[in-house]
Amino acid sequence: MNRPKALATRPLFPAARAILDASFDVDYWPVQDKIPRAELLRRIAGCDALICLLTEKIDDELLAAAPKLRIVSTVSVGYDHIDVPACTRRNVMVTNTPGVLDDTTADLAWALLMAVARRVVEGDAWMRTGGWPGWELDQLLGGDVHGKTLGVIGFGRIGRGVARRSLGFQMKVLYHDSARVPAEIERELCAEFVPLERLLRDSDFVTLHVPLTDGTRHLISTSTLNQMKSTAYLINTSRGPVVDEAALAQALNEKKIAGAALDVYENEPRVHPALLARRDVVLEPHIGSASIETRTKMAVMAATNAAEFFAGRRPPNALNADALRK
Ligand code: GLV
Numbered sequence: 048m049n050r051p052k053a054l055a056t057r058p059l060f061p062a063a064r065a066i067l068d069a070s071f072d073v074d075y076w077p078v079q080d081k082i083p084r085a086e087l088l089r090r091i092a093g094c095d096a097l098i099c100l101l102t103e104k105i106d107d108e109l110l111a112a113a114p115k116l117r118i119v120s121t122v123s124v125g126y127d128h129i130d131v132p133a134c135t136r137r138n139v140m141v142t143n144t145p146g147v148l149d150d151t152t153a154d155l156a157w158a159l160l161m162a163v164a165r166r167v168v169e170g171d172a173w174m175r176t177g178g179w180p181g182w183e184l185d186q187l188l189g190g191d192v193h194g195k196t197l198g199v200i201g202f203g204r205i206g207r208g209v210a211r212r213s214l215g216f217q218m219k220v221l222y223h224d225s226a227r228v229p230a231e232i233e234r235e236l237c238a239e240f241v242p243l244e245r246l247l248r249d250s251d252f253v254t255l256h257v258p259l260t261d262g263t264r265h266l267i268s269t270s271t272l273n274q275m276k277s278t279a280y281l282i283n284t285s286r287g288p289v290v291d292e293a294a295l296a297q298a299l300n301e302k303k304i305a306g307a308a309l310d311v312y313e314n315e316p317r318v319h320p321a322l323l324a325r326r327d328v329v330l331e332p333h334i335g336s337a338s339i340e341t342r343t344k345m346a347v348m349a350a351t352n353a354a355e356f357f358a359g360r361r362p363p364n365a366l367n368a369d370a371l372r373k
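Following this line, the structure appears as structure tokens:
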């Protein structure tokens with residue numbers, strides 16, 4: 048019997064390959080670099096399944112080039128790179144990898160928060176110049192973290208994980224989302240649901256954990272930055288376009304806020320040049336989920352979603368299963 052064909056846009060990890068190889072004839076893009084678009088369009092032509100990353104745009108053009116495609120399984124929780132309605136129209140299932148990366152991403156949000164407040168990256172760079180003259184009273188003064196107010200925008204699994212970590216720092220937690228979470232979660236995390244305006248006005252740290260949608264694009268703009276404290280820091284581990292980078296650079300220039308720490312960018316892999324030049328900004332290359340354990344789990348999950356689908360079962364992380372033709 049002919050086995051279904053899959054394209055994996057990276058070599059993945061052995062544990063994920065074992066799952067895929069048991070169910071599919073797999074064409075693995077052989078290197079850990081982005082597959083060129085033309086190559087992706089060429090290789091997808093006869094495939095039944097696609098295992099992709101968030102850097103690959105899955106749009107109508109790609110779907111048209113893949114008439115046999117039945118499932119797109121992304122190795123990411125975010126799926127703003129996939130035109131899900133277009134997939135649904137063509138009866139293509141879409142799956143993602145929720146849950147396994149929450150704590151790892153929350154850890155990174157905290158690493159960024161600490162780094163920007165306590166000027167860790169600037170200190171490291173200074174030490175490497177060999178130019179540190181020794182202890183001084185006013186060197187690299189930052190902001191305290193403990194006892195401050197943490198504002199969490201988007202109180203899903205990752206946002207809550209960030210809030211949970213703040214308990215050890217005796218912080219006050221404000222959160223904003225489209226809906227309130229159950230009272231027992233608010234109690235457990237000592238978190239108060241507030242309107243966005245209040246969160247921006249009262250928080251010392253504003254951390255973003257929303258998906259990218261039409262409603263969250265440029266949520267952080269000149270107008271929202273103007274509402275923040277001049278001593279506050281912005282942390283973004285969600286999606287780059289949630290922040291208007293030009294507005295952020297201007298707000299930092301005008302000292303409207305004290306600093307920012309970013310893991311994601313509006314036009315990855317490019318970073319707004321005005322941000323690159325600033326010392327009050329910490330920049331990381333989209334590594335929120337980048338621990339060995341978590342990235343392995345994500346790849347295994349993506350492979351499992353595809354394999355389950357071709358075994359005739361509903362994949363555990365189906366995004367549009369109910370909308371597909373039976
Ligand atoms: C990472 O950004 C993801 O969406 O998994």
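Counting from 48, one number per residue, gives the positions in the sequence shown under my numbering. Here a beta-carbon is modelled for each residue, glycine too, at the ideal position from N, C-alpha and C.
Whole angstroms is fine: what's the gap from residue i's alpha carbon to residue j's?
i	j	result
Ala-65	Gly-125	24 angstroms
Asp-107	Pro-114	11 angstroms
Arg-89	Pro-362	27 angstroms
Ala-158	Leu-247	21 angstroms
Pro-332	Ala-368	33 angstroms
Thr-152	Ser-338	9 angstroms
Thr-254	Tyr-280	8 angstroms
Arg-264	Ala-293	14 angstroms
Ser-123	Ile-334	12 angstroms
Gly-93	Cys-134	17 angstroms
Asn-314	Ser-225	26 angstroms
Arg-360	Ile-82	30 angstroms
Arg-317	Leu-214	35 angstroms
His-319	Asp-291	10 angstroms
Under 8 angstroms, do residue i and residue j count as touching if we go by C-beta distance?
i	j	result
Pro-58	Tyr-75	yes
Leu-148	Met-275	no
Phe-252	Gly-287	no
Val-289	Leu-309	no
Leu-110	Leu-101	no
Ala-296	Leu-272	no
Ala-349	Ile-98	yes
Val-73	Ala-307	no
Leu-221	Thr-260	no
Trp-173	Trp-182	no
Ser-336	Val-311	no
Val-192	Leu-243	no
Asp-127	Pro-258	yes
Ala-321	Ser-277	no
Asn-143	Asn-283	no
Val-168	Leu-366	no
Gln-217	Gly-190	no
Checking the sheet assignment: what are the DSSP bridge partners for residue i?
i	result
Phe-356	Answer by DSSP bridge pairing: none, since Phe-356 is not bridged.
Val-124	Paired residue(s): none; Val-124 is not in a bridge.
Lys-373	Note: Lys-373 sits in no beta bridge, so no partner.
Lys-52	Asp-72
His-223	Ile-200
Ala-365	Thr-142
Leu-255	Ile-200, Asn-283
Glu-239	Leu-221
Val-119	Leu-97, Val-141
Ile-129	Ile-105
Pick out whichever of the options has its Cα sitting closest to the Cα of residue i.
i	options	result
Ala-96	Val-220, Thr-254, Ala-55	Ala-55
Val-209	Leu-116, Asp-150, Ile-267	Asp-150
Ala-85	Ala-63, Ala-112, Leu-100, Phe-71	Ala-112
Leu-330	Met-174, Ala-238, Leu-155, Ala-63	Leu-155
Ala-374	Asp-68, Val-228, Asn-49	As displayed, the chain neither begins before 48 nor continues past 373, which places residue 374 out of reach and without an answer.
Leu-188	Thr-121, Arg-166, Leu-243	Arg-166
Gly-146	Ile-334, Gly-206, Leu-160	Gly-206
Lys-303	Glu-103, Lys-81, Thr-269	Thr-269
Arg-342	Phe-357, Thr-121, Arg-137	Thr-121
Arg-372	Met-140, Glu-103, Pro-61, Ala-238	Met-140
His-374	Lys-104, Gly-203, Gln-186	The question about residue 374 has no answer, for the chain in this structure spans 48 to 373.
Along the chain, which unbroken stretches of the alpha helix (DSSP H) at least 4 residues long are found entirely within the region 261-340? 269-273, 292-300, 320-323
Could you name each continuous alpha helix (DSSP H) segment of 4 residues or more that falls completely within the region 93-117, going from the start of the chain to the end? 107-111
Length-filtered (4 minimum) alpha helix (DSSP H) runs lying within the region 138-216: 149-164, 167-176, 204-213
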